[in-house]
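Step one of this worksheet: look at the structure below.
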Amino acid sequence: MFFINLNGNKNRKKIGVILVIISLLFALGFIAVHLTSKYMKFLTVVPRSRLLSVTGGISVAYIFVHILPELKEHQDILHEGETFKNFFLSEHHVYLFAMIGLVIFYGLERMVMVSKKRNERKRDKHHAGAGAFWIHILAFCVYNALIGYLLVRGESKEFTEMGLYFFALALHFISNDHSLRETHKQSYDQYGRWLLSFSIFLGWGFGMIEEVSEAAIAILFSFLAGGVVLNVLKEELPEERDSNFWAFSAGVILYTSLLLLI
1 MFFINLNGNK NRKKIGVILV IISLLFALGF IAVHLTSKYM KFLTVVPRSR LLSVTGGISV
61 AYIFVHILPE LKEHQDILHE GETFKNFFLS EHHVYLFAMI GLVIFYGLER MVMVSKKRNE
121 RKRDKHHAGA GAFWIHILAF CVYNALIGYL LVRGESKEFT EMGLYFFALA LHFISNDHSL
181 RETHKQSYDQ YGRWLLSFSI FLGWGFGMIE EVSEAAIAIL FSFLAGGVVL NVLKEELPEE
241 RDSNFWAFSA GVILYTSLLL LI
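Quick note on our numbering: the sequence shown kicks off at 1 and runs consecutively.
Structural data, given as structure tokens:
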């Protein structure tokens with residue numbers, strides 16, 4: 001993992017400092033996306049704008065070409081370690097945690113949609129209730145904190161890898177912010193985006209001062225991967241989005257080509 005190495009040689013220390021600075025800049029970039037996405041007018045277009053479909057394609061490519069293969073590497077870490085070696089289904093742990101992440105975020109989406117429909121029917125308000133809002137946002141705070149932490153302590157140790165991580169997830173945040181704003185309206189702009197921004201910084205800051213075990217990293221990454229899969233696909237697949245297939249495909253092809261070339 002990259003960190004400021006106070007006991008290493010000068011060159012090693014210099015590289016560590018550079019990577020820490022770069023990770024901070026990327027964390028601030030994530031925060032900037034959360035704080036400025038409300039001003040991106042193309043997000044509100046239906047049928048879905050071509051640009052937004054391209055971002056969806058890029059996120060899907062990142063899942064299948066980068067995240068899913070990396071799950072295999074994390075599974076090897078868990079399987080070879082002592083902590084989970086003798087546990088039931090030891091060859092499938094990361095996939096189970098990824099599935100748990102997907103199921104939890106799917107459950108949250110269903111809860112929010114039920115709350116929104118109830119509000120529309122009883123109060124003629126086109127947003128989810130306050131309780132659903134806070135549960136939903138707190139879950140995404142954990143999600144964002146994990147992303148911030150893995151920016152520092154994940155497998156992306158080189159600038160190129162960090163750049164790909166940042167680019168794909170920044171685009172994912174743009175789409176995700178639009179969904180949260182559409183669901184929670186003013187509450188998201190007033191509270192949600194600030195809490196999500198703070199969570200990114202909190203995760204990054206924790207990563208700077210603390211390093212958890214490789215097994216814990218594998219579990220955190222797997223859980224996050226399941227959440228990313230659900231949150232990306234739910235934005236691109238619903239019929240009412242009227243996604244642009246060719247723009248989506250272009251995003252998939254271009255980003256897949258980039259990932260395979262690097």
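Note that beta-carbon positions come from the ideal geometry of N, C-alpha and C, so glycine has one too.
Between which residues of its own chain and residue i is the CB-CB distance below 8 Å, once the five residues before and five after are set aside?
i    : result
L224 : G101, Y143, L146, I147 and L150
G227 : G101, L102, I104, F105 and Y143
V33  : A170, F173, I174 and D177
F167 : I58
N11  : For N11, the predicted model reports a pLDDT of 40, less than 50, meaning its position is unreliable; a value from the coordinates is still stated below. Same-chain partners within the cutoff: there are none.
S249 : G57
Among residues of its own chain, excluding the 5 on either side of residue i, which ones have a beta-carbon nearer than 6 Å to its beta-carbon?
i    : result
R50  : N244 and A247
Y265 : With the chain covering only 1 through 262, there is no way to say anything about residue 265.
I217 : none
F221 : H74
Q186 : none
I77  : E214 and A218
Is it buried or exposed, residue i, if we count other Cβ atoms within 10 angstroms and call 16 or more buried?
i    : result
R193 : buried
T183 : buried
K122 : exposed
K72  : exposed
I18  : exposed
E120 : exposed
Q75  : buried
S23  : buried
G131 : exposed
H93  : buried
F64  : exposed
G129 : buried
E158 : exposed
G251 : buried
N5   : Caution applies to N5, whose pLDDT of 39 falls short of 50 and renders its modelled position unreliable; the value that the coordinates give is listed next. Looking at its Cβ environment, which holds fewer than 16 other Cβ atoms inside 10 Å, N5 is exposed.
Y188 : buried
V112 : buried
K116 : buried
S257 : exposed
Y39  : exposed
G8   : At G8 the pLDDT is 42, less than 50, meaning the model places this residue with poor confidence and gives no usable figure here.
I137 : buried
S197 : buried
L180 : buried
L230 : buried
L25  : exposed
So, for residue i: in the same chain, excluding its five sequence neighbours on each side, which residues have a beta-carbon less than 7 Å away from its beta-carbon?
i    : result
L171 : T55, I58 and S59
G206 : Contrary to the premise, residue 206 reads as Phe rather than Gly in this sequence. Contacts found: Y149.
As an exercise, report each continuous alpha helix (DSSP H) stretch of at least 4 residues that is fully enclosed by the stretch 157 to 223, in chain order. 159 to 184 and 193 to 209
Any 3 or more C-beta pairs closer than 8 Å across the stretch 125 to 141 and the stretch 189 to 206: yes
Which ranges would you report for the alpha helix (DSSP H) in the stretch 113 to 154 if only whole runs of at least 4 residues count? You should have 130 to 153.
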